[in-house]
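Per my numbering, residue 14 is the first one in the sequence shown, and the count goes up by one each step. Using N, Cα and C, we set each Cβ at its ideal position, and we do this for glycine too.
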Amino acid sequence: MYRYIGNKTKLLPHITERVRELIGDTGTVADIMAGTGSVSLELRKCGYKVIASDVMTYSYHHLVTNLQIGEYPQFTGLATCKVISSNSKIPYEDVLLYLNNLQAKHSFFYREFSPDGKPLNGCPARKYFTSSNAAKIDAIREQINEWVDKQCITAIEESLLKHTLIMAVNEVANISGTYGYFLSDFKKNACDTIALKPVEVYPKNYDGHTVRLGFAENLAGLITADLCYIDPPYMKRQYAANYHILETIARGDFPEAIGKSGLRDWWDQHSKLCTKTHGLQSFEKIMNEMHCNTFLVSYSEDGLFTLEQLKECFGKIGKVQVQLIDYNRFKSNDSKLPSKLKEYLISVERKT
Ligand SMILES: C[S@@+](CC[C@H](N)C(=O)[O-])C[C@H]1O[C@@H](n2cnc3c(N)ncnc32)[C@H](O)[C@@H]1O
């Protein structure tokens, strides 16, 4: 499972059951803070049409993979560009084999994120990856970049490859839960050699879903849906800071790596929902502007806002109902927080 703050994989049965109670078995559901895409994929599996978005670029690639692929694409452009010799189609597995066997490259990830690197800002070498894994990541991501630039792969193929690379990177990252900082000593799985492995794709209901990149506050007015699922951040921790390395892989760029931790500048993806001062206004703007009469919001007992504050805010939009679910929280390995807490599923039905 993808270790992502707020990943709802364990709550999927509760979420889909509530969606079914609210709108029935069919319709369009928006998932506008979709993260890993676990909820979007489940909604697709249940037969809904999904409009999914998030402010993070890595999420965009997860969503395209989870929603818009029904079978592996054929990578015909790689044959045309004569990258891999074949008459026309190249199986996804062969593309991964090619990428796995590339000559390692001492480039950006090696320099900024590995113990043999020399960060440009003069900070001590960072240990997010072993040096050999960082050099492999460099080779793979720069190869994908080149294929994109030369138009040898389609947008869907790019998303599938980036999704696959991120899943492989998560397996060998030397971190405690998030990419906010690296561990001082290499843990066991970080010493494994990174390998791209085929990801599963769901074969049915792949038509008619929409994936977008952007702030929910800005996209809300463009969305028409029967129900909108909102799974906001519930703490001050910004996703852009905690998953900066995945964002760099998804964007394929070479940002300045700032400070000891090597964060990219993430201000353009700063979320108001992580702030006490603007969070409730964001909820109101989204609910007011979206063409949708039913909302379902996930929130946590230990979130920035109390249940009373949320009820007051959502009460301005419509009728509010709250369901409480016992939940094991996401914890970094070194976290001392209690592991049991209540998760809220709050439905809001617009006053007409
Ligand atoms: C709790 S996580 C969602 C987890 C997701 N349901 C899953 O199962 O993986 C919250 C997500 O909201 C996104 N986010 C935060 N503020 C946002 C905003 N204003 N607009 C859109 N996405 C936002 C974050 O990037 C993060 O992926």
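Would you please state the rounded distance, in angstroms, between the beta carbons of residue i and residue j? I believe it to be under 8 angstroms.
| i | j | result |
| --- | --- | --- |
| A117 | A152 | 5 angstroms |
| I330 | E356 | So it is not a contact: roughly 21 angstroms between Cβ atoms. |
| L259 | Y71 | 4 angstroms |
| A367 | T143 | This structure cannot settle anything about residue 367, because the visible part of the chain is limited to 14 through 365. |
| G193 | M248 | G193 to M248, Cβ: 12 angstroms. No contact. |
| L240 | I36 | 5 angstroms |
| G40 | Y61 | 6 angstroms |
| I82 | Y219 | 6 angstroms |
| L80 | H222 | 4 angstroms |
| F126 | G272 | Between G272 and F126 the Cβ distance is about 13 angstroms, and since that is not below 8 angstroms, they are no contact. |
| G292 | R16 | Not really, about 24 angstroms apart at Cβ, beyond 8 angstroms. |
| N187 | K149 | Actually they do not touch by this definition, with Cβ atoms about 14 angstroms apart. |
| R225 | H257 | That pair is no contact at about 21 angstroms. |
| Q172 | T290 | Note that residue 172 is Ser in the sequence shown here, rather than Gln. About 35 angstroms separates the two Cβ atoms, so there is no contact after all. |
| C305 | T237 | 7 angstroms |
| E184 | D205 | 7 angstroms |
For residue i, which residues of its own chain have a beta-carbon under 6 angstroms away from its beta-carbon, when the five flanking residues on both sides are left out?
| i | result |
| --- | --- |
| I359 | V310 and V335 |
| I166 | G90 and W160 |
| S120 | D151 |
| K298 | E230 |
| T22 | M14 and S51 |
| A233 | I299, E302 and M303 |
| S197 | none |
| F228 | V68 |
| A324 | According to the sequence as given, residue 324 is Lys; it is not Ala. These residues qualify, in order along the chain: V333. |
| L56 | V42 and V63 |
| T177 | L209 and V212 |
| F296 | C326 |
| V361 | F308, F327, I330, G331 and V333 |
| I207 | N146, K149, A181 and V185 |
| P104 | none |
Within the same chain, show all residues whose beta-carbon is closer than 7 angstroms to that of residue i, passing over the 5 residues directly before and after it, in chain order.
| i | result |
| --- | --- |
| D107 | I97 |
| F267 | F121 |
| L112 | I153, Q156 and L209 |
| K175 | H74, I157, I262 and A263 |
| L354 | S313, E314, D315, Y340 and R342 |
| K58 | Y215 |
| H27 | I338 and L358 |
Buried or exposed: residue i, going by 16 or more other Cβ atoms within 10 Å of its Cβ?
| i | result |
| --- | --- |
| Q251 | buried |
| L133 | exposed |
| Q164 | exposed |
| T319 | exposed |
| T398 | The structure shown has nothing for residue 398, since the chain only spans 14 to 365. |
| S301 | According to the sequence provided, residue 301 is Asn. The question's Ser does not apply to it. Answer is exposed; the Cβ neighbour count stays below 16. |
| W279 | buried |
| P216 | exposed |
| T49 | buried |
| D44 | buried |
| A168 | exposed |
| P245 | buried |
| E84 | exposed |
| N146 | buried |
| L110 | exposed |
| G328 | exposed |
| G130 | buried |
| N7 | There is simply no residue 7 to check, as the chain begins at 14 and stops at 365 in what is shown. |
| E170 | buried |
| R33 | exposed |
When every heavy atom of ligand 2 is checked, does at least one fall within less than 7 angstroms of the C-beta of residue i?
| i | result |
| --- | --- |
| Y17 | What this structure holds is ligand 1, not ligand 2. |
Could you pull the DSSP bridge partners for residue i from this structure?
| i | result |
| --- | --- |
| Y336 | Before going further, note that residue 336 is Gln rather than Tyr in the sequence given. L358. |
| N341 | K353 |
| C241 | A43 and F308 |
| V224 | A65 |
| R363 | G331 |
| I188 | F195 |
| S313 | E356 |
| I157 | None, per the DSSP bridge assignment. |
| L276 | I271 |
Closer than 8 angstroms by C-beta to residue i: which residues in its own chain qualify, once you throw out the five before and the five after it? Chain order, please.
| i | result |
| --- | --- |
| N20 | M14, G48, T49, S51 and F343 |
| S101 | Q87, T89 and A92 |
| K364 | I330, G331 and K332 |
| I179 | Y71, H74, H75, L259, I262 and A263 |
| I243 | I45, M46, A229, F296, I299, F308, L309, V310 and S311 |
| R31 | L309, Q336, L358 and S360 |
| C136 | G272, K273 and G275 |
| T29 | E55, L56 and C59 |
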